[in-house]
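**Q** In full-length UniProt numbering, the protein residues as written are 1 to 336. Following this message is one structure expressed as structure tokens.
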Ligand SMILES: Nc1ncnc2c1ncn2[C@@H]1O[C@H](COP(=O)(O)OP(=O)(O)O)[C@@H](O)[C@H]1O
Ligand SMILES: [Mg+2]
């Protein structure tokens, strides 16, 4: 189980013709991912999703906050112990084209990563080759046709499957899947999403699924949670289906109404709730709600005070909004 508590991340950027600029990329984010569970992070580009994923994988150090994996605070571990723990969390990037070494065949690549495991398990070359075949089959590839190919000979979908197979070589407990289908042909996306779901179901691998597309978060299986991120802050969370059916925060409502009609979900009304103004990283620290400048329902209090993420009753749902009405989002149209 993974618990992230009050995670903060600031980046200092040295701009060319001005002073240093500080970007507040993640704001007091807390999230829990149970064993075998799936959590999706959703939000526009630049809202801090990748940074959260990278901190979880130990690739970025939090400015503040704690990450607890299987009961251990990773910042308090020694290097070796920390590396062993973090190896159980594998990151899969959005760009399958850059993640593979173009000079290695799939077989060479798989055996290079399996060698370390083989040493640990005191196994030899035969085990490596068996395991390679097993993992490639598991991700839906035919070893005999793919083993001796180079990455450029594969489709985007096949490459992403190879990358997933490579991540599985270390027998991970969790995958951080960062926009894994965004660069893949639309026709091949569903297959990859179904593969992630089956890894969860078969091996109890938990998944942190990062996406800007709510629809893809629905394919991860049952009991998944959705966290909506805006300017680094989690502004709404809950069970994925629940949030999609009854979004409370106007930003979540905007995200939902921007997408095509979802199967099984009624969307009455003609107009859509569209956010036309661009998302801007605030130059100066905003006092009130981070979404107030784009929100069609904002009231004076929204620019004066920041609403906190507050849990609702006994449910897992929470949202950070002073006016969290359930609106017929499809009937609202906004033009800034
Ligand atoms: N290494 C970095 N150095 C400086 N700024 C960064 C760095 N990584 C991310 N950022 C900034 O942090 C914010 C969040 O980025 P990111 O986590 O990549 O968002 P997302 O994945 O949601 O698109 C952005 O404003 C981005 O420019
Ligand atoms: Mg990203």
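Heads up, the beta-carbon is just placed ideally off N, CA and C, and yes, glycines get one too. If you're wondering where the values come from, they're calculated on a predicted model, not measured in any experiment.
Which residue's Cα is closest to the Cα of residue 177: 100, 116, 40 and 113?
**A** In the chain shown, residue 177 corresponds to position 177, counting from 1. Of 100, 116, 40 and 113, the residue nearest in Cα terms is 40.
**Q** Apart from the five residues just before and just after residue 25, which ones in its own chain have a Cβ nearer than 6 Å to its Cβ?
**A** Here the question's residue 25 lines up with position 25 in the chain shown. The residues are 9, 11, 48, 51 and 232.
**Q** If we count Cβ pairs, one from each stretch, closer than 8 Å, do we get three or more for the segment 28-40 versus the segment 99-112?
**A** no
**Q** Just how far apart, CA to CA, sit residue 301 and residue 249?
**A** As a first step, residue 301 must be located in the chain shown, where it is residue number 301. As a first step, residue 249 must be located in the chain shown, where it is residue number 249. So the two alpha carbons sit approximately 16 Å from each other.
**Q** With DSSP run on the structure shown, which of helix, strand or coil describes residue 374?
**A** Examination of residue 374 is not possible in this model, given that the chain is present from 1 through 336 alone.
**Q** Within 10 angstroms of the Cβ of residue 271, are there 16 or more other Cβ atoms? Answer buried if so, exposed if not.
**A** For the purposes of this step, residue 271 is taken as the residue at position 271 of the chain shown. Only weak support is given to the placement of residue 271: the predicted model assigns it a pLDDT of 45, under 50, and the question is left unresolved by the model.
**Q** Run the CB neighbour count on residue 159, radius 10 Å, all protein chains shown included, and call it buried at 16 or more, exposed below.
**A** Against the chain shown, residue 159 aligns to sequence position 159. Result: buried.
**Q** Check the C-beta distance from residue 256 over to residue 205 and give it rounded, since I have them as a contact under 8 Å.
**A** Taking the first residue of the chain shown as position 1, residue 256 is located at position 256. Taking the first residue of the chain shown as position 1, residue 205 is located at position 205. About 28 Å; that fails the 8 Å criterion.
**Q** For residue 149, collect the residues of the same chain with a Cβ closer than 7 Å to its Cβ; drop the 5 residues on either side in sequence, then sort them by chain order.
**A** Your numbering for residue 149 matches position 149 in the chain shown. So the list reads 105 and 106, once near-sequence residues are dropped.
**Q** With a CB to CB cut of under 7 Å and the five nearest residues on each side skipped, what residues in its chain are close to residue 240?
**A** By one-based count along the chain shown, residue 240 stands at place 240. Cβ within range, chain order: 40, 217, 218, 224, 225 and 226.
**Q** Would you kindly work out how many angstroms separate the C-alpha atoms of residue 190 and residue 164, rounded to a whole number?
**A** In the chain shown, residue 190 corresponds to position 190, counting from 1. In the chain shown, residue 164 corresponds to position 164, counting from 1. Approximately 15 Å, taken between the alpha carbons.
**Q** On a Cα-Cα basis, can you pick out the residue from 202, 94, 182 and 146 that is closest to residue 173?
**A** Translated into the one-based positions of the chain shown, residue 173 becomes position 173. Nearest to residue 173 by alpha-carbon distance, out of 202, 94, 182 and 146, is 202.
**Q** Is the beta carbon of residue 137 within less than 7 Å of some heavy atom of ligand 2?
**A** One-based indexing of the chain shown puts residue 137 at position 137. No, ligand 2 has no heavy atom inside 7 Å of this Cβ.
**Q** State the Cα-Cα distance for the pair residue 181 and residue 42, rounded to the nearest angstrom.
**A** Here the question's residue 181 lines up with position 181 in the chain shown. Here the question's residue 42 lines up with position 42 in the chain shown. Roughly 14 Å between the two C-alpha positions.
**Q** In angstroms with no decimal places, state the Cα-to-Cα distance between residue 169 and residue 295.
**A** In the chain shown, residue 169 corresponds to position 169, counting from 1. In the chain shown, residue 295 corresponds to position 295, counting from 1. One C-alpha to the other measures close to 46 Å.
**Q** Could you work out which residue in 200, 194, 317 and 199 is closest to residue 246 when comparing CA atoms only?
**A** As a position in the chain shown, residue 246 is number 246, starting the count at 1. Checking every option, the nearest Cα to that of residue 246 belongs to 317.
**Q** Are the beta-carbon atoms of residue 7 and residue 208 separated by less than 8 Å?
**A** Translated into the one-based positions of the chain shown, residue 7 becomes position 7. Translated into the one-based positions of the chain shown, residue 208 becomes position 208. No, the Cβ-Cβ distance between residue 7 and residue 208 is not below 8 Å.
**Q** DSSP three-state label for residue 209, please.
**A** Looking up residue 209 in the chain shown gives position 209. The answer is strand: DSSP assigns residue 209 an E or B state.
**Q** Tell me residue 12's beta-bridge partners as DSSP assigns them.
**A** For the purposes of this step, residue 12 is taken as the residue at position 12 of the chain shown. DSSP lists 22 as partners of residue 12.
**Q** Report whether the distance from the Cβ of residue 381 to the nearest heavy atom of ligand 1 is below 7 Å.
**A** There is no way to answer for residue 381, as the model of the chain reaches only from 1 to 336.
**Q** In this structure, how does DSSP classify residue 64 when only helix, strand and coil are distinguished?
**A** Walking along the chain shown from the start, residue 64 turns up at place 64. Strand, per DSSP.
**Q** Just confirm the distance between the C-beta atoms of residue 58 and residue 74, as a whole number of angstroms; I'd bet it's less than 8 Å.
**A** Start at 1 with the first residue of the chain shown, and residue 58 comes out as number 58. Start at 1 with the first residue of the chain shown, and residue 74 comes out as number 74. Confirmed, about 7 Å.
**Q** Which whole-angstrom value is the C-beta distance of residue 192 and residue 309, which I expect to be below 8 Å?
**A** As a working note, residue 192 is residue 192 in the chain shown. As a working note, residue 309 is residue 309 in the chain shown. That pair is no contact at about 31 Å.
**Q** Rounded to a whole number of angstroms, what is the C-alpha to C-alpha distance between residue 15 and residue 29?
**A** By one-based count along the chain shown, residue 15 stands at place 15. By one-based count along the chain shown, residue 29 stands at place 29. Those two C-alpha atoms are separated by around 27 Å.
**Q** Taking the continuous alpha helix (DSSP H) assigned at residue 345, which residues delimit it?
**A** Given that the chain is displayed from residue 1 to residue 336, the structure contains no residue 345 and the question cannot be resolved.
**Q** Output the boundary residues of the alpha helix (DSSP H) element that contains residue 201.
**A** Start at 1 with the first residue of the chain shown, and residue 201 comes out as number 201. Where residue 201 is concerned, the enclosing alpha helix (DSSP H) stretches over 186-203.
**Q** Can you say whether residue 90 is buried or exposed, counting buried as having 16 or more other CB atoms within 10 angstroms of its CB?
**A** Residue mapping note: residue 90 aligns to position 90 of the chain shown, counting from 1. Classification for residue 90: buried.
**Q** Does residue 6 come out as helix, strand or coil in the three-state DSSP assignment?
**A** For this step, residue 6 is matched to residue 6 along the chain shown. Note: residue 6 maps to strand in three-state DSSP.
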